[in-house]
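Structure follows, in structure tokens:
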């Protein structure tokens, strides 16, 4: 009897289970109460899901892509998974939500502050049926994906600090209780699938950094990279990141060129199996070199108009970087949409007379962020001083922390570049930094922990003196 229960009594990750349970409950609540189609391009994603559900395949021509809408050229992996769950829902009695654009004369000026796409009627109420049921089921698929992201963050930090499980739990809780991440995990968006794929890729890369040299680890890393690229094409920037880390590890540990190249080829082979065929297909099928030139023509199949239309401009003599002062708009909206904001929330809160509450939330998050940054600065200065005074006794340089800092810097640079190519609200969204959630969560809790330790030391010293 005791032997059967022993594994449960020795299970060390119950706090993570609690975090995941609360996260799932919050995401489910948001799935049930948020207005359908008003968050994160949900209506555009749902159009592609319905096409796949009805046709049994993704759009295979430019005409079909155009007919689906702005997400018609998105990778169909996430949308195909969701279509499998929703394709058997009977929508004959309620086939479509009423769009604002179809009945604009019915909109009361100033009364639709929290709705941008659809009229929301009693047909959306419980029990769900028709297209409304399909919408909610589609959103439910995102919840386990969000849970997987939280798990990946936890495992990565635990691998880096095995003696500090509370640090891993704090990083996981940061992600799980990040309001905008919960909202994202409750609605339809293909970002929800790429987040865990990238997070687990970082986990396996960290395993390699910490000494795991098994072939299967390199192969799994390549598979995850390939899947991430197929889901969201921006994940291609992970390839040079991984290559650089493998070169550094090979140099540090004396693998030699042959071993380093061989292990890199394991990653590339697994990547090619999962992503190579799809990348080749879309480049051959949908390139627009003839009309747009080499750079924009090759970028065209990947579906990001900011990149496809701005890539030529980027390399032209007309390209000018924005002044620092023009980034105040970007900073404002990126900060807000990282923590909480989604389409129409600010005007909706204003209509409800809760503007003070809206801004108070950001004041709290801003204060916590400021404390975390101060903690990181203190930690960095202390390391630099120790290194300067006594290089031999200073803490060793950590490749794993450098990797996460590099990973965050790459995505921050990508987000800034998109804004420089097309300055607008659509390129000022903090959720576009979520592929770097592992980095953000770890550095956030490390900064807070450094401040906590300094305060504890100061208080202990103060009471020791007064005693």
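Numbering (the working numbering), first residue to last: 41 to 507.
All residues carry an ideal CB built from backbone N, CA and C; glycine is no exception.
Item to check | Runs of alpha helix (DSSP H) lying entirely within the stretch 193 to 255, each at least 4 residues, in chain order | outcome: 205 to 216, 219 to 224 and 231 to 249
Checklist entry - Among residues of its own chain, excluding the 5 on either side of residue 370, which ones have a beta-carbon nearer than 7 Å to its beta-carbon? => result As a working mapping, residue 370 is identified with position 330 in the chain shown. Excluding sequence neighbours, residue 370 sits near 459 and 468.
Checklist entry - Considering only C-alpha positions, which residue in the set 115, 104, 381 and 272 is nearest to residue 466? => result In the chain shown, residue 466 corresponds to position 426, counting from 1. Of the listed residues, the one whose Cα sits closest to residue 466 is 381.
Checklist entry - What distance in whole Å lies between the Cβ atoms of residue 192 and residue 240, which are believed to be in contact at a cut-off of 8 Å? => result Here residue 240 corresponds to residue number 200 of the chain shown, with the count starting at 1. Here residue 192 corresponds to residue number 152 of the chain shown, with the count starting at 1. Yes, residue 240 and residue 192 are in contact; Cβ-Cβ is about 5 Å, under 8 Å.
Next on the checklist: Buried or exposed for residue 196, going by 16 or more other Cβ atoms inside 10 Å?
Outcome noted: If you number the chain shown from 1, residue 196 lands on position 156. So residue 196 ends up on the buried side.
Checklist entry - When the Cα atoms are used, what is the spatial distance from residue 214 to residue 401? => result Reading the chain shown from its first residue, position 174 is the one you call residue 214. Reading the chain shown from its first residue, position 361 is the one you call residue 401. Near 15 Å, if we compare the C-alpha coordinates of residue 401 and residue 214.
Checklist entry - Considering only C-alpha positions, which residue in the set 188, 324 and 483 is nearest to residue 233? => result Working through the chain shown from its first residue, we reach residue 233 at position 193. Minimum Cα distance to residue 233 is reached at 188.
Next on the checklist: On a Cα-Cα basis, can you pick out the residue from 406, 393 and 397 that is closest to residue 374?
Outcome noted: As a position in the chain shown, residue 374 is number 334, starting the count at 1. Of 406, 393 and 397, the residue nearest in Cα terms is 406.
Checklist entry - CB residue 80 to CB residue 275, shorter than 8 Å? => result Indexing the chain shown from 1 puts residue 80 at position 40. Indexing the chain shown from 1 puts residue 275 at position 235. In this structure, residue 275 does not lie closer than 8 Å to residue 80 by Cβ.
Checklist entry - Could you give the residue range of the alpha helix (DSSP H) that holds residue 95? => result Mapped onto the chain shown, residue 95 falls at position 55. Element bounds for residue 95: 82 to 95.
Item to check | Beta-carbon spacing of residue 277, residue 310 below 8 Å | outcome: The sequence position of residue 277 within the chain shown is 237, counting from 1. The sequence position of residue 310 within the chain shown is 270, counting from 1. No.
Checklist entry - Looking only at C-alpha atoms, which of 172, 439, 475 and 440 sits nearest to residue 455? => result Against the chain shown, residue 455 aligns to sequence position 415. It is 475.
Next on the checklist: Below 8 Å on the Cβ atoms is my contact criterion, and I expect residue 249 with residue 271 to pass it. Report the Cβ-Cβ distance as a whole number of Å.
Outcome noted: As a position in the chain shown, residue 249 is number 209, starting the count at 1. As a position in the chain shown, residue 271 is number 231, starting the count at 1. Actually they are not in contact, since the Cβ atoms of residue 249 and residue 271 sit about 24 Å apart, beyond 8 Å.
Checklist entry - The alpha helix (DSSP H) spanning residue 447 covers which residue range? => result Position 407 of the chain shown, counted from the start, is the residue given in the question as residue 447. Run containing residue 447: 439 to 461, per the alpha helix (DSSP H) assignment.
Item to check | residue 63: first and last residue of the uninterrupted alpha helix (DSSP H) it sits in | outcome: Counted from its first residue, the chain shown places residue 63 at position 23. Segment 54 to 73, the alpha helix (DSSP H) holding residue 63.
Checklist entry - Got a sec: does the ligand SAM put a non-hydrogen atom nearer than 7 Å to the Cβ of residue 498? => result The ligand SAM is not part of the structure shown, which contains no ligands of any sort.
Checklist entry - Straight-line CA distance for residue 253 to residue 126? => result In the chain shown, residue 253 corresponds to position 213, counting from 1. In the chain shown, residue 126 corresponds to position 86, counting from 1. For residue 253 and residue 126, the distance between alpha carbons rounds to 42 Å.
Item to check | Nearest-angstrom beta carbon gap, residue 221 and residue 23 [assumed within contact, 8 Å] | outcome: Coverage of the chain is limited to positions 41 through 507, which leaves residue 23 absent and any answer about it impossible.
Checklist entry - Can you tell me the Cα-Cα spacing of residue 107 and residue 161, whole angstroms? => result In the chain shown, residue 107 corresponds to position 67, counting from 1. In the chain shown, residue 161 corresponds to position 121, counting from 1. Near 27 Å, if we compare the C-alpha coordinates of residue 161 and residue 107.
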